[in-house]
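**Student:** If you count the sequence shown from 1, you need to add 17 to reach the numbering used here.
The structure under discussion is supplied below as structure tokens; questions concerning it will follow.
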Amino acid sequence: MSLNIPDQFKKYIILTPHGDNIDRFKCPVPGCEFTTRLGPGALRMHLIMKADPNMESRYDIQHKTYYEENSELDSEMVKALAVIPRAELTE
């Protein structure tokens, strides 16, 4: 079974080897190695937190620029990605 993932969301995911589930969500900012299995909301929160200049310890200008230039990073994106089948979390 192949997943039907909109093109604008492909940069945020890593598929399982068979391509039948989302394995991880990944940060699309060049050079950032952040990935998570917690879900698209965790990815969005990562981007928001790294884009916040008020938090100097984790602020990154590349994340801020990316977040400002990509309007698809909203709660609707999280909802759309949340319904796509993904690999189960294991211990």
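Don't be surprised by glycine CBs; every beta carbon is placed ideally from N, CA and C.
Mind checking who Lys43 pairs with in its DSSP beta bridge?
**Tutor:** By one-based count along the sequence shown, residue 43 stands at place 26. Looking at the DSSP assignment, Lys43 forms a beta bridge with Thr52.
**Student:** Is the beta carbon of Leu64 sitting closer than 8 Å to the one on Thr53?
**Tutor:** Here the question's residue 64 lines up with position 47 in the sequence shown. Here the question's residue 53 lines up with position 36 in the sequence shown. No, the pair does not count as a contact, with Cβ atoms beyond the cut-off.
**Student:** I'd like to confirm the pairing. Which residues does DSSP put opposite Ser30 in its beta bridges?
**Tutor:** For the purposes of this step, residue 30 is taken as the residue at position 13 of the sequence shown. Contrary to the premise, residue 30 reads as Ile rather than Ser in this sequence. Note: Ile30 sits in a beta bridge opposite Phe42.
**Student:** With which residues is Arg103 paired in a DSSP beta bridge?
**Tutor:** As a first step, residue 103 is located in the sequence shown; it is residue number 86 there, counting from the start. Bridge partners of Arg103: Ile39.
**Student:** Go ahead and pull the three-state DSSP assignment for Pro57.
**Tutor:** As a first step, residue 57 must be located in the sequence shown, where it is residue number 40. In the structure shown, Pro57 sits in a helix (DSSP, three-state: H, G or I).
**Student:** Under DSSP, the alpha helix (DSSP H) around Ile78 begins and ends at which residues?
**Tutor:** Here residue 78 refers to the residue found at position 61 of the sequence shown. First-last of the alpha helix (DSSP H) with Ile78: 78–86.
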